[in-house]
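So the structure is just underneath, and the comments pick up after that.
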């Protein structure tokens, strides 16, 4: 009888550890602007589903190049719509999985209180040496910043003052560190739990000055047989997940 109890316990241990060993791991390529909210979302998803998420942030077009070159990602959370669509057209992503998980907002921000005015007139009138933006060739937020500069007719004035970050997070860091007096950043980088947490001053750029930054998610073809990838997409569409995303300054 004692031996039978021991065998049952041993069997239970094997089942538990076997399930843990076979728990799915997803590799997520994520646009740099979304890494902080995704860390919170990932913690909730891992707790509820038992799936480990490995997050790799970067500039969207840089992540696209990695995927085209065979990087083993399962899901892409892009900073635009075009990149997931290009992957679908190339047969590298599942067309029925694509959806817009957030709409980003652009802000002009300075770490100095009172420096950026509510209308962004500092761009045309301010005496500053450096204006940070993300690389417009690889980061949609950088392309949006250039569009704003063009719409305001300030290309000639601002072009010599531009300093480019590899992605929107690096542009933010240039401003936060004081290496640039001001810069175009993702509004989400200034928010936590629905509140503006960064000191300084900002102008939320009117949406009409740039194309909407619709950020799409897509499951990559290598994950077509991974149920956890579908579960993650469903979670990102859920009300609890959307509440978290909205608390970082995004729309839908």
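In the numbering used here, the protein residues as written are 11 to 262. Glycine included, C-beta positions come from ideal geometry on N, C-alpha and C.
6 Å Cβ shell around residue 149 - same chain, five flanking residues per side excluded | 69, 177, 178
**Message:** For residue 196, list the residues DSSP reports as bridge partners.
**Reply:** 116
* Pairing CB atoms from the segment 228-246 with CB atoms from the segment 122-142, are three or more of them under 8 Å? -> no
What are the boundary residues of the alpha helix (DSSP H) that residue 52 is part of?
45-59
Exercise. What are the residues that DSSP puts in a beta bridge with residue 39?
Worked result: DSSP lists 66, 86 as partners of residue 39.
Between which two residues does the beta strand (DSSP E) containing residue 175 stretch?
-> For residue 175, the enclosing beta strand (DSSP E) begins and ends at 172-175.
So the beta strand (DSSP E) residue 104 belongs to, where does it begin and stop?
Premise fails: residue 104 is in no beta strand (DSSP E) and is neither H nor E.
Can you check whether the CB of residue 200 is closer than 8 Å to the CB of residue 117? yes
Quiz item: Taking the runs of the alpha helix (DSSP H) that are 4 residues or longer, which of them lie wholly in the segment 126-194?
Solution: With a minimum length of 4 residues, the continuous alpha helix (DSSP H) runs that stay inside the segment 126-194 are 132-135, 150-161, 165-168, 178-186.
| query | Smallest Cα separation from residue 156: which of 50, 183, 215? | reply | 215
- Query: Counting pairs of beta carbons, one from the segment 125-139 and one from the segment 178-193, are three or more of them closer than 8 Å?
  - Reply: yes
Next item on the list: Just mark residue 120 as buried or exposed, buried being the case when its beta carbon has 16 or more other beta carbons within 10 Å.
Entry: It counts as buried.
Next item on the list: Report buried or exposed for residue 205, applying the criterion of at least 16 other Cβ atoms within 10 angstroms of its Cβ.
Entry: Flag for residue 205 reads exposed.
* If you draw a straight line from the C-alpha of residue 146 to the C-alpha of residue 58, how long is it? -> 37 Å
- Would you list the one or two residues that DSSP bridges to residue 207? Bridge partners of residue 207: none, in fact.
With residue 240 as the anchor, note down where its alpha helix (DSSP H) starts and where it stops.
237-246
Residue 89 to residue 137, Cα distance in whole Å?
31 Å
Practice task
Would you mind reading off the limits of the alpha helix (DSSP H) that contains residue 251?
Solution key: 249-257
Who are the near neighbours of residue 91 in its chain, counting only those whose CB is closer than 6 Å to its CB and skipping five residues on each side?
224, 226
Q. Is the CB-CB distance between residue 43 and residue 151 below 8 Å?
A. yes
query = Which of the three DSSP states, helix, strand or coil, is assigned to residue 217?
reply = helix
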